[in-house]
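If you want my numbering, it's the 1-based position in the sequence shown plus 948. Even glycine gets a Cβ: it sits at the ideal position worked out from N, Cα and C. None of these values were measured; they are calculated from a predicted model. Taking it in order: structure first as structure tokens, then the write-up.
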Amino acid sequence: MEKETGYLIMARKMAYCYLFLFNSLFLFWFTDYYYNLNDSKYYFYITITAITLLISGVLYALHKLQLKKDNQTTTWKQLIHLSITDKLLFLCLCSYLITTIISSYPSASCYGMIRHTGLIFALFLAGTYAIVSRLYQQQQSILLLFLGSVGVVVIIGMLQFFNIDPLGFFQEVSDYQSNFYLSTMGNINFFSSLICLSLPLTIVLYLYCENTTSKILYSISMILCFIGLMIANSDSGYFGIFTLLLIIAYFALKNIQYLKRYFIVLLYFLGTFKLMGILIYFMQDSCRELHTFSHFIAYRPITWIFLVIVGIAYLLMDVYTSPCEKYFKGIQKVGRGLLLLIVILAIGLFLYYSFIDTKQPLGTFANYLRYNDAWGTGRGLIWNRVLYSYTQLPFLQLLFGHGLDTTRLLLIDTFGETMALYDNAHNEILQYLVTTGIVGLLCYLSTLISSLKRLWIFIKKEPYAFAIAATMLCYFIQAIVNINQPITTPFLFMFLGIGESFIRQEQTQPIKQDVKN
């Protein structure tokens, strides 16, 4: 356990002030409503991060110097102690620097364009990781603050969904445009990205908590997040959450108590959608419409059947707990078999209708099961164009990319002004591939995978590790059909830092407080 000095205590206080602002005010910050929301949140984020890095960085350096002074035998390598995740993130930044130097548009790569996701932004993301990983101690108050703030964001969005605009965001926005914006997050895809950061966290915390008050708080948070998922009408959110629910189901099959909690989660999910669907039906003249999965879950009869089945299954497990425990190994095998079948079926249907039977009419489901230019509300088109553009790059740029945040410029260079509408690949993997090259993409993926792999060691004995890993994983999954931006991407690096902080503290001494309190 590293000795605490006065410098370290002050640095931690500074870090907590930063996390307080980041998990509260940042989510609600705006200056000119939706017209410059990306800009205003970006400048707010880099301002508080820069100030915190400067002050806490100096204090942390003084802390290390004090430790070195107090113990002359300690080496600098022991004092600094870089983990594999630290080293991979550093390599990531180095590859981004090379990307910017060799880019045809070095200024755009450095500062970013519309999204501001250039080298400067990447450095500040690393700064967030550094602050949190070195100075954050596992205090649930920060996570509760995050969930509480997200709950308020959802309530604002819900009011807007019912045409109540408490903050005046839609005063000069057309009815058509208003369907694509929600709460203080801007675009509905960014809103759903926030839900994919908060919902896995609150689900896992709920599954493992034992305190009644905690159960109530996590239940409220979960219900609000399900409402947020519903009103966002964004497929990227469903992609992340559906995949996450399958993963959590696998772990819930650990014992009968976790499985019962998981079925309660499903009841919250389906029940929330059904009740909200009824409310929307009777208020349809004064609210927005539901689309895609939101409409399907809220109104299709098959989801009522599924709700009844889940409810009966939960009651049977609750009433016949002892017999279920006796035959739980059989339940495990059946449950995990069903999960595997669902995954195989989903992948199989997608491959079949995308590459074998490409003519069969699929109606609405063609948007999900048949990959072509129209797939994913036009994502197929942009993915194909981005991949083709990448293959036309010189060898060095195949390795290190065209330049951070320069997708639009590359598409214009390749296809002309007709592609000027697109400034992002709408797929973070493709976006990093084309802008930072195969080297930058592999460094980025390796950073996330290394953190998840190291957290995996603690998942079975520490639910807190599972909550953080599930949050990062869910964000990454939804990001496959979403974009990186300054509104929600910084939270991924906050959780990456929390994961690193957790691992460091577990390696020195086990964390006593956990989600059970």
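- Counting only runs of at least 4 residues, the stretch 1308 to 1334 fully encloses the following alpha helix (DSSP H) elements, listed from N- to C-terminal order: 1314 to 1317.
- For the 7 Å CB-CB criterion, Thr1354 and Tyr1053 form a contact.
- A direct Cα-to-Cα measurement between Val1100 and Gln1345 gives close to 44 Å.
- Distance from the CA of Arg1452 to the CA of Tyr1423, rounded to the nearest whole angstrom, comes to 23 Å.
- Straight across, the Cα-Cα distance linking Leu1215 with Asn1135 is about 29 Å.
- Taking each of Leu1201, Ala1197, Thr1132 and Val1213 in turn and checking the Cα distance to Thr1150, the smallest one comes out for Val1213.
- In the three-state reduction of the DSSP assignment, Asn1111 falls in the coil class, being assigned neither a helical nor a strand state.
- Between the stretch 949 to 958 and the stretch 1012 to 1020 there are three or more C-beta pairs closer than 8 Å, enough to call the two in contact.
- Every alpha helix (DSSP H) of 4 residues or more that sits fully in the stretch 987 to 1073 is shown, in chain order, as 1024 to 1028, 1032 to 1050 and 1054 to 1059.
- Taking all protein chains in view, the Cβ of Asn984 is surrounded by fewer than 16 other Cβ atoms within 10 Å, so the residue is classified as exposed.
- Put simply, the backbone Cα of Thr1456 is about 20 Å away from that of Tyr1077.
- For Leu1093, the closest of Gly1311, Ile1279, Leu973 and Phe1313 by C-alpha to C-alpha distance is Leu973.
- For Arg1248, the closest alpha carbon among the candidates Thr1383, Leu1359 and Lys1222 is that of Lys1222.
- The Cβ neighbour count for Thr1220, taken over all protein chains shown within 10 Å, is at least 16; the residue is labelled buried.
- Note on geometry: alpha-carbon atoms of Tyr1412 and Gln1087 lie some 11 Å from one another.
- Here Asn1430 is not near Ser1057, since their CB atoms are 7 Å or more apart.
- DSSP, read as helix, strand or coil, puts Tyr982 in strand.
- With a beta-carbon spacing of about 7 Å, Cys1173 and Val1102 fall inside the 8 Å limit used to define contacts.
- Using a C-beta cut-off of 8 Å, the stretch 1387 to 1394 makes contact with the stretch 1036 to 1047, since at least three inter-stretch Cβ pairs fall below that distance.
- For Ala1413, the enclosing alpha helix (DSSP H) stretches over residues Pro1411 to Ala1427.
- In the DSSP annotation of this structure, the continuous segment of the alpha helix (DSSP H) that includes Lys961 starts and ends at Gly954 to Phe970.
- Under the DSSP definition of a beta bridge, Tyr1129 partners with Asn1135.
- Under the 10 Å beta carbon count, His1064 is surrounded by 16 or more other beta carbons and is classified as buried.
- The alpha-carbon separation between Gln1205 and Pro1271 amounts to approximately 13 Å.
- Within the model, the alpha-carbon separation for Ala959 versus Pro1148 is close to 30 Å.
- Of the other Cβ atoms in all chains shown, fewer than 16 fall within 10 Å of the Cβ of Val1256; this residue is therefore exposed.
- By the CB criterion at 7 Å, Ser1184 and Gln1379 fall outside the cutoff.
- Secondary structure note for Gly1259: its alpha helix (DSSP H) is the uninterrupted segment Pro1249 to Val1267.
- Excluding its 5 nearest sequence neighbours in each direction, Cys965 has C-beta neighbours in its own chain below 8 Å: Thr1000, listed in chain order.
- Nearest to Arg1318 by C-alpha distance, out of Trp1331, Leu1329 and Tyr1300, is Tyr1300.
- Asp1371 has its alpha-carbon roughly 27 Å from the corresponding atom of Thr1191.
- Taking the C-beta atoms as reference points, Phe1443 is found no nearer than 7 Å to Ile1407.
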